[in-house]
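Note sheet for the following structure.
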Amino acid sequence: MTLDEEVEVLKRIPLFSKIDKPKLKLLAFTSERVVFHSGETVCRQGDAGDAAFIIVDGTADILINGNGKDIKVAEVGRNAIIGEVAILIDVPRTATVAATSELITLRITKELFFNLVQEFPEISVEIMRVLAQRLEATNEKLRLAKA
Amino acid sequence: MERNIFKYVWRFSRREQLVLLAWVAASLPFYFLSLDLPKQIVNQGIQGDGFETAESANPIGVIRVPLSETLTGESIVLFSGVPADQQATLLILSFMFLFLVCVNGGFRFVINTGKGRMGERMLRRLRYELSDRLLRFRLPQIRRMKPAEVATMIKDEVEPLGGFIGDAFITPAFLGGQAITAMVFIMVQSFWLGLIAGIIVLVQAILIPRLRVPILELGRQRQLTARLLAGRIGEVIEGAGEIHANDTSNYERAELTSRLGRIFDIRFEIYQRKFFVKFLNTFLSQLTPFIFYAGGGLLALSGRLDIGALVAVIAAYRDLPGPVKELIDWDQRRADVQIKYDQVIEQFQPTEIVEPSYQDPDSPVAPLEGEIKLSSVTLLDDGANKLLDGVSFETPIKEHIAVVGGASSGKDSLGEVIAGLVQRSSGSVEIGEHRIEDLTQAVLGRRIGYVAPDAYFFSRSIKENLLYSLTHRPIHVADYDKEAADAAAHRLAESQRAANSSFDINDDWIDYEAAGVTNAAELTKRVLSVLECVALSDDIYRFGLDGALDVERRPEVADGILAARHRMAERLAEQGHGDLVELFDIAEYNRNATLGENLLFGTARDPAFAADVLVDHPVVREELKASGLDKHLVEKGLSIAQTMVEIFADLPAGHPFFDQFSFIDADDLPEFRLIIARAENVGAAALPEAERNRLLRLPISYIEARHRLSLIDDTFEQEVLAVRKRLRERIMKEAPDSVAFYDSERYNAAASIIDNILFGRLIYGRAQSEETINGYVTEILEELDLSDAVREIGLEYQVGIGGKRLSATRRQKLALARALLKRPDLLIVSEATAVMDGATRSELLQNVREEARDEGLIWIVERPSMAAGFPRVLVLEDGRLVDDGVYAELEEQQGALKELLTAD
Chain A
4 MTLDEEVEVL KRIPLFSKID KPKLKLLAFT SERVVFHSGE TVCRQGDAGD AAFIIVDGTA
64 DILINGNGKD IKVAEVGRNA IIGEVAILID VPRTATVAAT SELITLRITK ELFFNLVQEF
124 PEISVEIMRV LAQRLEATNE KLRLAKA
Chain B
737 MERNIFKYVW RFSRREQLVL LAWVAASLPF YFLSLDLPKQ IVNQGIQGDG FETAESANPI
797 GVIRVPLSET LTGESIVLFS GVPADQQATL LILSFMFLFL VCVNGGFRFV INTGKGRMGE
857 RMLRRLRYEL SDRLLRFRLP QIRRMKPAEV ATMIKDEVEP LGGFIGDAFI TPAFLGGQAI
917 TAMVFIMVQS FWLGLIAGII VLVQAILIPR LRVPILELGR QRQLTARLLA GRIGEVIEGA
977 GEIHANDTSN YERAELTSRL GRIFDIRFEI YQRKFFVKFL NTFLSQLTPF IFYAGGGLLA
1037 LSGRLDIGAL VAVIAAYRDL PGPVKELIDW DQRRADVQIK YDQVIEQFQP TEIVEPSYQD
1097 PDSPVAPLEG EIKLSSVTLL DDGANKLLDG VSFETPIKEH IAVVGGASSG KDSLGEVIAG
1157 LVQRSSGSVE IGEHRIEDLT QAVLGRRIGY VAPDAYFFSR SIKENLLYSL THRPIHVADY
1217 DKEAADAAAH RLAESQRAAN SSFDINDDWI DYEAAGVTNA AELTKRVLSV LECVALSDDI
1277 YRFGLDGALD VERRPEVADG ILAARHRMAE RLAEQGHGDL VELFDIAEYN RNATLGENLL
1337 FGTARDPAFA ADVLVDHPVV REELKASGLD KHLVEKGLSI AQTMVEIFAD LPAGHPFFDQ
1397 FSFIDADDLP EFRLIIARAE NVGAAALPEA ERNRLLRLPI SYIEARHRLS LIDDTFEQEV
1457 LAVRKRLRER IMKEAPDSVA FYDSERYNAA ASIIDNILFG RLIYGRAQSE ETINGYVTEI
1517 LEELDLSDAV REIGLEYQVG IGGKRLSATR RQKLALARAL LKRPDLLIVS EATAVMDGAT
1577 RSELLQNVRE EARDEGLIWI VERPSMAAGF PRVLVLEDGR LVDDGVYAEL EEQQGALKEL
1637 LTAD
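In order, the protein sequence lines correspond to chains A and B.
If you read the first sequence in this note's numbering, its first letter stands for residue 4, the second for the next number, and so on.
If you read the second sequence in this note's numbering, its first letter stands for residue 737, the second for the next number, and so on.
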């Protein structure tokens, strides 16, 4: 997979969809590409998180530990972003992610991400927008649950 | 030290000075003859005195017994000479003149060389003496000094002394002799002319030095201000952190400006005065010839002085101002140098200096036994504050003691006093049977280990820094062959002439016995075990993996690493980790290595083949051109440049991304933008040579797997492989030693251990690849029993200036290891684990206590809780000993320790 293809993937991720191509290219160029084999762990629940992963290709399970057993709560695939909360605030990983096929990811470290945000504020505006949408969605769910 | 520089010089170079003075005396008659000869040449040879006809011949070269006419009334002729006509006489006299010129030149040469050598020896002696004193200063004295100032003194300020010392006696004798000879000669020719010349010389000799007095004073100030400037610059460097952290750079600028202004004023004043004196001097010198031309000319016209004599007088006078001026200069230098000497000596004349016998390397050293006894020990600092106040206690040396106290409790001073580094102001300290002042440094420095909180490391390897605690005096004489032994003997003789140290730095200084071993191999084992004790083993192992092996010295290790390489490949294949490393293969392009590495397929030994200049090497350039690969590289370079310009364009210069990721510096980005624009217009091939070269260099550090610009396809790979082959053939033939080529069956001495084991590159983008690989490497090295060999290589790691290439924690660990290595009877640890985290600290505390279980240990702890487990605890408060006992008991009582524990 080449840089240009990676940029195409990034473009399809909502968080990055409004950002100029050269900036996405910079993001792709400066981030590391990490490949996981099926069964390998991308991150483990409770560990300190220092990077987010963007899935370029492949699939993974999101597992949450309950009563000492990992319970699968979701499945993610191409264009998904994992662990983005960890690069915004210092919280431990909230879930374990395990590859279920050959998984190609872009690893965006906290440092790299902050460097980008500082340089290109429009990225942070995008992120605010996405986070606000999520908050809204959560509120909505809460409202429904209450009702 | 001797206060008067003349006495100093005379005392240490009398013999050489006398020999040179004899040479000077011997040279003067020849000098007189060379003055007299021009007169004879003009009178006899040219004007033809005594040659009445063309045929008349006079004897030449008559030698008479000197003064025989005055003494016996009759001239006794030793040699009646050979008859010669006017022309022959002229030529003979001229050649005699030439001969005398040579003789005088010869004398000058011998005297000057002798002077130079003597001066350099004295300078060496003086510098050594100053360094020697520096090494004898007590710590409180040293702490008051500014390193940069002292360095300036020893290096620069005494430098002119060397030049002057050679001249101290010789120059006045030589020049004075010449001047007097010339004066006598002029007097003999014409009394009046001589008188006038004499008076003017006298005026010069009296007036000029007087005018120079203020210049000398200014010179003293200049030296002082320059030294202070050096000290201040030293401070600016050392305090750089504070300057940046407090934004005081502008204050520092102003401060330096005011100093520079002062130096400027002084120097300008000196110039003004100097040039006035120079002007006056020259004027007076020029005045005399005027008198000679006018007065002498009139005398000659009236026939009272012959022309030959006048020419000779003028010639003699031309020689006169030289010596006189140089004499005056000498006097100036004398005063100048005396001032410099005074100033330096003053700085090296402190009261807190130890006697040379205290550092005698041969003084007897016996193990410390018995008790340490302190009675009413008080220590004052510079401002007469009490750092320690009447501290008394007794303890067997072998006891383990923890000293607890707050920041201003004086606990650190207690350590320094017991280690003999600082002398108490009153009271007494006894170790065993001896008062501490009766113990020499040989005893204290070899039997006591002291670890300071800010231990210093010299800019050498880890190993050399560790063994530093064992280097007290040469133990084994260096193993020289005949030639080297002669050179060493010569060096020794010369250093003894300058009263320098007679120890040879090339001898083996390591005291194996002190470390409890008998040879170098055992010592290495011991060093590794001490490093294990201070938990530095893993770090040293990492350094070793990244270090290079000296194959000539340890060929068996190279073979072992080669075995490890094969085992590694097998292991990776067995475990299904074949996708972690892309091995080097002569017939394959390695997509996880740089393009440059793929071209050269080896490690550069000669820096001309280093990656950043690889394509500039003529051989590489030729092969690139011949194969046509250079055109492709320019295209790849263009493509990289386009991407870089596109993605880095909006980043400000200096952004960390440029350093980390970009192929192009921020500064060069605009130029590349122009190059790209031009290339898009006319095509890359039509670019000027210089621009093509810039593009050509870009892809050399390109790694396909990492950078992912998809620049490298199969055809391109084949082209690179073809050039690789050609390059290898040519380099092997033309410069075989400049590149260590990759060869799966051979150890590559120019590459690191880890590179040799992997023999390939980690594949980019494999999760956990580094950890997995490291695990296998450790496993395999362990299996092949090579871990210690790798650690030995790690010991060669250079720690950098002041140990700055090591982290603070590692420095403290290393300091502990250094003290443990000499197996001291008493180990004093002074807050030497302060920067470590709690877990590491308690691990080290346990390890060191275990290591020193049969020896004494005084641990000045930075946290009171560390004292738990020590059989005895001393608690200090404001320099006073306020509690003394077992930790468990003190912990229970409502005492000082409890307070400290609560506050902690």
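Note that beta-carbon positions come from the ideal geometry of N, C-alpha and C, so glycine has one too.
Here glycine 977 of chain B carries a helix assignment [DSSP, helix/strand/coil]. Per the C-alpha coordinates, the member of B/Asp1315, B/Ala1102 and B/Ile916 positioned closest to glutamine 1177 of chain B is B/Ala1102. At least one C-beta of chain B is nearer than 9 Å to the C-beta of asparagine 118 of chain A.
Two segments are said to touch when three or more pairs of C-beta atoms, one from each, lie closer than 8 Å; by this definition the stretch 776-784 of chain B touches the stretch 816-835 of chain B.
Just measuring C-alpha positions, the residue of B/Leu1228, B/Ala1234 and B/Val1263 sitting nearest asparagine 1201 of chain B is B/Val1263.
With a minimum length of 4 residues, the unbroken runs of alpha helix (DSSP H) contained wholly in the stretch 1312-1398 of chain B fall at 1331-1336, 1354-1363, 1365-1384 and 1392-1397. Around the beta carbon of glutamine 1630 of chain B, fewer than 16 other beta carbons sit within 10 angstroms, so the residue counts as exposed. Residues of chain A with a Cβ closer than 9 Å to the Cβ of histidine 1391 of chain B are, in chain order, Asn118 and Glu122.
DSSP places aspartate 1215 of chain B outside both helix and strand once states are collapsed to three, so it counts as coil. Using a Cβ-Cβ cut-off of 9 Å, leucine 6 of chain A counts as an interface residue toward chain B, since at least one Cβ of chain B sits closer than that to its own. The stretch 1478-1566 of chain B contains, as complete beta strand (DSSP E) runs of 3+ residues, the segments 1496-1498 and 1562-1566 (chain order). Distance between proline 950 of chain B and phenylalanine 1084 of chain B, taken at the CA atoms: about 26 Å. Counting C-beta atoms within 10 angstroms of its own C-beta, alanine 761 of chain B has fewer than 16 neighbours from the protein chains shown and is therefore classed as exposed. By the Cβ test, the stretch 78-85 of chain A is not in contact with the stretch 30-43 of chain A, since fewer than three Cβ pairs between them sit closer than 8 Å. Contacts between glutamate 1258 of chain B and chain A, judged by CB atoms closer than 9 Å, are missing: the closest CB pair is about 45 Å apart.
For the stretch 62-82 of chain A, the beta-carbon criterion of a distance under 7 Å to any beta-carbon of chain B is satisfied by none of its residues. Taken in chain order, the complete alpha helix (DSSP H) segments of 4 residues or longer contained in the stretch 1183-1236 of chain B are 1198-1203 and 1218-1233. Ranked by how close their Cα comes to the Cα of valine 1139 of chain B, the residues B/Ile1509, B/Leu1612 and B/Thr1508 have B/Leu1612 in first place. Under the Cβ criterion of 9 Å, leucine 1434 of chain B is not counted among the residues facing chain A.
A distance below 9 Å separates the beta carbons of valine 1351 of chain B and leucine 1432 of chain B. Beta-bridge annotation (DSSP): proline 95 of chain A is paired with A/Ala51. With its beta carbon at least 9 Å from every one in chain A, histidine 1226 of chain B lies outside the interface.
Comparing C-alpha distances from serine 1375 of chain B to each of B/Leu1447, B/Ala1340, B/Leu1023 and B/His1302 shows the shortest one belongs to B/Leu1447.
Against leucine 1431 of chain B, chain A offers no close residue; the least beta-carbon distance is about 19 Å (beta-carbon pairs closer than 8 Å). Taking the Cα of glutamate 1567 of chain B as reference, the smallest distance to any Cα among B/Arg1160, B/Ala1487 and B/Tyr1186 is reached at B/Tyr1186.
Closer than 9 Å to the CB of threonine 1379 of chain B there is at least one CB belonging to chain A. Listed along the chain, the chain B residues whose CB falls inside 9 Å of the CB of glutamate 35 of chain A are Arg1442, Tyr1500 and Gly1501. Cβ-Cβ distances below 8 Å link threonine 97 of chain A to Gln48, Ile67 and Val88 in the same chain, with the five nearest sequence neighbours on each side left out; the list follows chain order. If you ignore the 5 residues before and after lysine 1076 of chain B, its C-beta comes within less than 7 Å of the C-beta of Glu893, Pro896, Leu897 and Gln959, all in its own chain and listed in chain order.
Here DSSP, grouped into helix, strand and coil, assigns phenylalanine 39 of chain A to strand. Among the residues of chain B, those whose CB is under 9 Å from the CB of leucine 29 of chain A are Glu1382, Ile1383, Phe1384, Asp1386, Leu1387, Phe1393 and Phe1397, following chain order. Take glutamate 1371 of chain B, set aside five residues on each side of it, and the residues of its chain with a beta-carbon closer than 7 Å to its own are Ala1420, in chain order. Neighbours of serine 1446 of chain B across chain A, judged by C-beta separation under 7 Å: Thr5. At least 9 Å separates the CB of glutamate 11 of chain A from every CB of chain B. A straight line joining the alpha-carbon of phenylalanine 927 of chain B with that of isoleucine 916 of chain B spans about 14 Å. Across the set B/Leu866, B/Met923 and B/Arg844, the C-alpha of B/Arg844 shows the shortest separation from the C-alpha of isoleucine 906 of chain B.
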